[in-house]
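Novice: In this note's numbering, the protein residues as written are 27 to 135. Below you will find the structure I want to go over with you.
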């Protein structure tokens, strides 16, 4: 199964959903997690007080992550969670080593 992760260094889950400019896509199967793709996206949170959230970007991120069973980030707001769920992508908030976390997560998916 494919699981997307927000990570700055590619080793640990350490990035907020809205701050991510890329998502690493891992194929998790039989106790292993293998990096298979990287999706570059525009940051959802713009840090602009007049336009703090950009809904069109959330839809674009959702499209980029289609085919993924889940998305794992260090933090995630309610709006992104709802949007992902509506697309059939399960949102999870976790931190830690990517591969170990994904192998454990796959056991409950």
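Every residue gets a Cβ at the ideal spot worked out from N, C-alpha and C, and that includes glycine.
Report the rounded CA-to-CA distance for residue 125 versus residue 58, giving the unit in angstroms.
Specialist: One C-alpha to the other measures close to 7 Å.
Novice: Tell me the residue span of the alpha helix (DSSP H) that contains residue 105.
Specialist: Counting along the chain, the alpha helix (DSSP H) containing residue 105 begins and ends at 104-112.
Novice: Going by the CB atoms, is the gap between residue 135 and residue 120 shorter than 9 Å?
Specialist: Contact: no.
Novice: Within the same chain, show all residues whose beta-carbon is closer than 7 Å to that of residue 66, passing over the 5 residues directly before and after it, in chain order.
Specialist: For residue 66, where only same-chain residues beyond five positions count, the Cβ hits under 7 Å are 47, 48.
Novice: For residue 28, which three-state DSSP category applies?
Specialist: If DSSP states are grouped into helix, strand and coil, residue 28 belongs with the strands.
Novice: Quick one: give me the first and last residue of the beta strand (DSSP E) that residue 120 is part of.
Specialist: Note, residue 120: premise wrong, no beta strand (DSSP E); not H, not E.
Novice: On the CB-based measure, 16 or more other CB atoms within 10 Å of its CB, does residue 114 come out buried or exposed?
Specialist: By the 10 Å Cβ count, residue 114 comes out exposed.
Novice: Starting from the Cα of residue 38, find the closest Cα among 123, 133, 127 and give me that residue.
Specialist: Closest option to residue 38, Cα to Cα, is 123.
Novice: Would DSSP call residue 131 helix, strand or coil?
Specialist: It is helical.
Novice: So, at 8 Å on beta carbons, what are the nonlocal neighbours of residue 24 in its own chain, with the 5 sequence-adjacent residues on each side left out?
Specialist: Because the chain in this structure spans residues 27 to 135, residue 24 falls outside the shown range and cannot be described.
Novice: In the DSSP assignment, find the unbroken beta strand (DSSP E) run with residue 65 in it and report its ends.
Specialist: Taken as a continuous stretch (DSSP letters only), the beta strand (DSSP E) holding residue 65 covers 58-66.
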